[in-house]
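Heads up: the structure comes next, in structure tokens.
Residue numbers (the numbering used here), protein chains in the order written: chain A, 1 to 394; chain B, 395 to 772.
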């Protein structure tokens, strides 16, 4: 057993760390926490910088625009990326993070050639149309209709919680093409251009006062037949495969480590009763407990990497990364705002106070969403109970 | 970065598992509650014959000279079955101190006996008013002529009742809580002025109070250098703590297995209670805590194995995590079992009691969080 990285991995880590240190612009660095986003213009610019460096999707093979990183290198890359204070890159999250791997596995050659290059350059921004007003945790009961008429599907219905739809060009959709059998069986996977007539997008304002997501309405929207991914009725299976790509990325542990470092640095600088806050017996004990939990989660990633290295599938330890990581992240955000004292109630005082206060309050409010999206904590626990522990369903 | 276990590790795991299954049971634990020692010398001897006492000791003393990950797999299996035999105190504490700091003649006198299972040795280092601090040492060793005379009182000496030798911490210089000035002595219980008071711990195992009244010990009984005992003690206790954490993870796994089986078979309101979401989610949390604890143990074990500077930090992370996880898991398990969980007729209660003793042994969560803050430079 070994805890250290190999010398090659260590060299790569240093290279990545140095590059981000030198190239992350000040208006991008240390701006966000808790999965909150950068202003869109800055995000596109940052996307382009990474694309030009060849690091927009480093886990992809070189011939597909990636850097051909191994899984360990990919982990190191993501870790160092977050650790330098760079934001979660929402311009690639669903396109290169989810859809591209799916197209490479299940899409046609035409679909791959047509869509993937523009995902890389950032020319096309994608959003994900899965959830509906009545299909959240129970996704399979979605009922947005797609009826094949000649060479086109005709779409009617509504999607919601669609992140970035107001800035996106394309959407990938789960739609109902058959209502006769089991609800999982009549679902298909479609790609649609958001400029198609009949699509209306309405942003939803979140507790952050931003609109990170939208409702998307479809009214007799005609989508060409060749935009079907896989076969008719395969949508549910494909959605499952798409979520498989989240294996290691189910929770960005580097962001968590960055967040707790932020708390630690802040509590070293904040003075309370004449001493740094970190010397306060209650505060330091809380911080230590969180660091112990963060480290235990980080070492869980090391266990998974060790499995992947020898080609075996990760065991059950991969099933709880999201639920535990998001809940732990919320606890870290709580302590981060606690460290601010009176400043913890501040809201958009960007001119008056330094950015770390805005970063903390925005990160805190945004972190409350982490345990909801991408499979709520309740759903995740039920999955662990029934699929990992094999408790009876009925 | 490599947390993979080799086929040799896995094959030891298998043989320990089948040993525990064959030579041990919860009913045996029930019987041993009334035994002052809380373990069986017969089983101990069998374990020695399998070579397990010498697992990490050099071949020179009859050992197998294996890496520290073997300790992890061995203790995980002991923990799963709650095997009460005193492996940690003998191999990782008492014997280990002799191995790490002893002279050649001390090693030859003690280690072959530990390996064969014929000589029992533990460490006595906790005192009243010191709580968990291993640097707190008021027991004095006064030099008069060629010999030292030791006076003081040690509490909760792990598995002390059957010990043939104690490694005792004494104060030979500096003040009561200093890390410098601690000297380790090997002391036999037969020496004049040694008094043992037997104690039972909640899990049915034994400990003792060791009182020393002007006990004479020759200079040749000093382990390591005079006044330099602390670094040895600290390293041995870190290794013992990492081992205990592995044992705790085994116990967590067994608690979860028992609970999941119970939830699947116990029927109320016309269906297994495991179909209800409240118990399901509690069980999921038990699983999550166990996995995190296991990860922390891997890191601690690998840090010891690779001899990194992070050893102490990694051990404190693991012990803080395992202490709270094992308590949470076993408390939830008792709750999910309901009434039968609160009885001695059920098995799950053994894990709760072992979790409490393990939480306290080598320092509880708060102690290790505090140690973590100091080690990581808060």
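Glycine included, every Cβ here is placed at the ideal spot set by N, Cα and C.
- DSSP places residue 671/B in the helix class (H, G or I) of the three-state scheme.
- The residues 541, 542, 544, 579 and 581, in chain order, have a CB closer than 7 Å to that of residue 611/B in the same chain once the five nearest residues on each side in sequence are set aside.
- In this structure, DSSP gives residue 193/A an extended state, which the three-state scheme calls strand.
- Sorting 154/A, 217/A, 191/A and 143/A by C-alpha distance to the C-alpha of residue 182/A places 143/A at the top.
- For residue 485/B against residue 505/B, the beta-carbon gap comes to about 10 Å, at or over 8 Å, which does not count as contact.
- Between residue 295/A and chain B, the shortest Cβ-Cβ separation is below 7 Å.
- For residue 372/A, no CB of chain B lies under 7 Å from its own CB, so it is not counted at the interface with that chain.
- Residues of the region 272-294 of chain A with a C-beta less than 8 Å from any C-beta of chain B: 278, 279, 284, 285, 287, 288, 289, 291, 292 and 293, listed in chain order.
- Residue 175/A has a beta carbon lying at 7 Å or more from every beta carbon in chain B.
- Chain A has no Cβ within less than 7 Å of the Cβ of residue 754/B.
- The beta carbon of residue 113/A sits closer than 7 Å to no other beta carbon from its chain once the five residues preceding and following it are set aside.
- When 67/A, 162/A and 57/A are compared, the shortest CA-CA separation from residue 116/A is found for 57/A.
- Of the residues assessed, residue 348/A falls on the exposed side of the cut-off, its CB having fewer than 16 other CB atoms within 10 angstroms.
- For residue 602/B, the enclosing beta strand (DSSP E) stretches over residues 600-612.
- Apart from sequence neighbours up to five positions away, the residues of its chain that approach residue 699/B with a beta-carbon distance below 7 Å are 461, 462 and 463, ordered along the chain.
- Against chain A, the beta carbon of residue 643/B has no neighbour under 9 Å; the closest one sits roughly 12 Å away.
- Separation of residue 305/A and residue 45/A (C-alpha to C-alpha, rounded to the nearest whole angstrom) is 32 Å.
- CA-CA distance, residue 510/B to residue 458/B, rounds to 12 Å.
- At a cut-off of 7 Å between beta carbons, residue 2/A contacts chain B.
- Excluding sequence positions up to five before and after residue 633/B, its CB lies within less than 7 Å of the CB of 486, 490 and 698, all in the same chain and listed in chain order.
- Interface criterion met: the Cβ of residue 317/A is under 7 Å from a Cβ in chain B.
- DSSP places residue 270/A outside both helix and strand once states are collapsed to three, so it counts as coil.
- In summary, no residue of the region 438-453 of chain B has a CB separated from any CB of chain A by less than 8 Å.
- Each residue's CA atom was taken as its position, placing residue 694/B and residue 89/A some 34 Å apart.
- By the neighbour-count definition (other C-beta atoms within 10 Å, threshold 16), residue 649/B is a buried residue.
- Look at the region 246-271 of chain A: it has no residue with a C-beta under 7 Å from a C-beta of chain B.
- Counting only Cβ-Cβ distances below 7 Å, residue 696/B has contacts in chain A at 1, 2 and 3, in chain order.
- The Cβ neighbour count for residue 11/A, taken over all protein chains shown within 10 Å, is under 16; the residue is labelled exposed.
- Leaving aside the five residues that flank residue 683/B on each side, the residues in its chain whose CB is nearer than 7 Å to its CB run, in chain order, 719, 722 and 723.
- Residue pairing from DSSP places residue 214/A in a beta bridge opposite 162/A and 203/A.
- A Cβ-Cβ distance of about 7 Å is found for the pair residue 241/A and residue 105/A, placing them in contact under the 8 Å criterion.
- For residue 79/A, the enclosing alpha helix (DSSP H) starts and ends at 71-83.
- In this structure, residue 163/A sits away from residue 362/A, with a CB-CB distance that is not shorter than 7 Å.
- If you look at residue 561/B, you'll find it in the beta strand (DSSP E) that goes 559-565.
- Rounded to whole angstroms, the gap between the alpha carbons of residue 259/A and residue 385/A is 30 Å.
- In the structure shown, residue 468/B falls within a helical segment according to DSSP collapsed to helix, strand and coil.
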